[in-house]
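Residues 1382 to 1444, numbered by this note's numbering, are exactly what the sequence shown covers, in order.
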Amino acid sequence: MVVPKVFYMALLVFAVAFYFIWSAMFGAWTDLAVYTVTIILGGLGLVGTLLYTIREREEAESA
């Protein structure tokens, strides 16, 4: 299951890139909307990556 893990890692990277690019373009380093989007995307990316990593470890141990 490599595809979902890569997707979630990309989502995490996109969240960080979105924050820095948006803030640099508009000079809005303390914008609540940017924080909200970044936290949601980054949280989903982080949790998804962790869950698939745990799943891969469990499958490797049981095999």
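From the three backbone atoms N, C-alpha and C, an ideal C-beta is built for every residue, glycine too. All values reported here derive from a predicted model rather than from experimental measurement.
{"Asked": "Cβ pair V1415, A1409 closer than 8 Å", "Found": "yes"}
{"Asked": "Neighbour flag for V1418 against chain B, beta carbons, 8 Å", "Found": "Chain labels in this structure do not include chain B; a single protein chain is all it has."}
{"Asked": "Pick from Y1433, E1442, I1402, A1444 that is closest to M1390, judged by C-alpha positions", "Found": "Y1433"}
{"Asked": "L1393 classed as buried or exposed, judged by whether at least 16 other C-beta atoms fall within 10 angstroms", "Found": "buried"}
{"Asked": "A1441 versus I1435: straight-line alpha-carbon distance, rounded", "Found": "10 Å"}
{"Asked": "6 Å CB neighbourhood of S1404 in its chain, flanking five on each side removed", "Found": "W1410"}
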